[in-house]
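Data first, discussion second: the structure below is written as structure tokens.
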């Protein structure tokens, strides 16, 4: 891969992985409710799912959206519906108890295939930063590696942010307000899907 592409790929990966979106809101919420170690499984699932999605995009799956635009519309509808359901679940969640489990790793991985932001990241990264010809696969693997690195770093930061927020949540009312805020922010991600 042309070494001069690594800077732009890193900048794009940092912006795409670090900005607020469904994955990062899930990680912050999980960090708040379940702590660091329980949230690691979710983070690893998200990263496995994103890496799988990017690999499938590199193999040509992203071209299906070009050939059949209705697939993209269907993904937006399904992703919006799932995000709204997830937002409702977050907003109405009771304060955490010791028996509560965080979202499982495989749920985080599968969520990437319904998360329109993940699709947009994968298609943009693979189409924008891979090289043609013999360098295609080396550049595609470099893009995947850069996204894995920045996804893990920023995912940890969002989880740690969630853990810091927990210190301020002392009463049931505090938890209800926090859950409503996180649910509202997750629901607001639907607007990003359509614009």
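Residue numbers (full-length UniProt numbering): 1 to 195.
Glycine residues also receive a C-beta, built at the ideal position from the N, C-alpha and C atoms.
Nearest-angstrom Cα separation, counted from residue j out to residue i
| i | j | result |
| --- | --- | --- |
| residue 152 | residue 178 | 25 Å |
| residue 73 | residue 87 | 21 Å |
| residue 119 | residue 68 | 15 Å |
| residue 136 | residue 130 | 6 Å |
| residue 187 | residue 8 | 30 Å |
| residue 37 | residue 23 | 17 Å |
| residue 109 | residue 103 | 10 Å |
| residue 159 | residue 47 | 14 Å |
| residue 138 | residue 154 | 24 Å |
| residue 163 | residue 128 | 35 Å |
| residue 61 | residue 140 | 14 Å |
| residue 144 | residue 49 | 12 Å |
| residue 21 | residue 134 | 35 Å |
| residue 175 | residue 75 | 32 Å |
| residue 142 | residue 173 | 47 Å |
| residue 94 | residue 66 | 43 Å |
| residue 161 | residue 5 | 31 Å |
Outcome for residue i when other beta-carbon atoms lying within 10 angstroms are tallied against a minimum of 16
| i | result |
| --- | --- |
| residue 116 | buried |
| residue 3 | exposed |
| residue 132 | exposed |
| residue 31 | buried |
| residue 77 | exposed |
| residue 57 | buried |
| residue 33 | buried |
| residue 70 | exposed |
| residue 183 | buried |
| residue 59 | exposed |
| residue 39 | buried |
| residue 64 | exposed |
| residue 191 | exposed |
| residue 251 | Outside the shown range of the chain (1 to 195) lies residue 251, about which nothing can therefore be said. |
| residue 45 | buried |
| residue 15 | exposed |
| residue 79 | buried |
Enclosing alpha helix (DSSP H) for residue i [first to last residue]
| i | result |
| --- | --- |
| residue 72 | 69-91 |
| residue 122 | 116-129 |
| residue 157 | 136-166 |
| residue 110 | 105-111 |
Residue i beta carbon near the ligand FAD (any heavy atom closer than 7 Å)
| i | result |
| --- | --- |
| residue 167 | No copy of the ligand FAD appears in this structure; indeed no ligand is present at all. |
CB contact below 8 Å: residue i versus chain C
| i | result |
| --- | --- |
| residue 116 | The structure shown contains no chain C; it is built from a single protein chain. |
Give the list of continuous alpha helix (DSSP H) stretches no shorter than 4 residues that lie fully inside the stretch 11-53. 22-34
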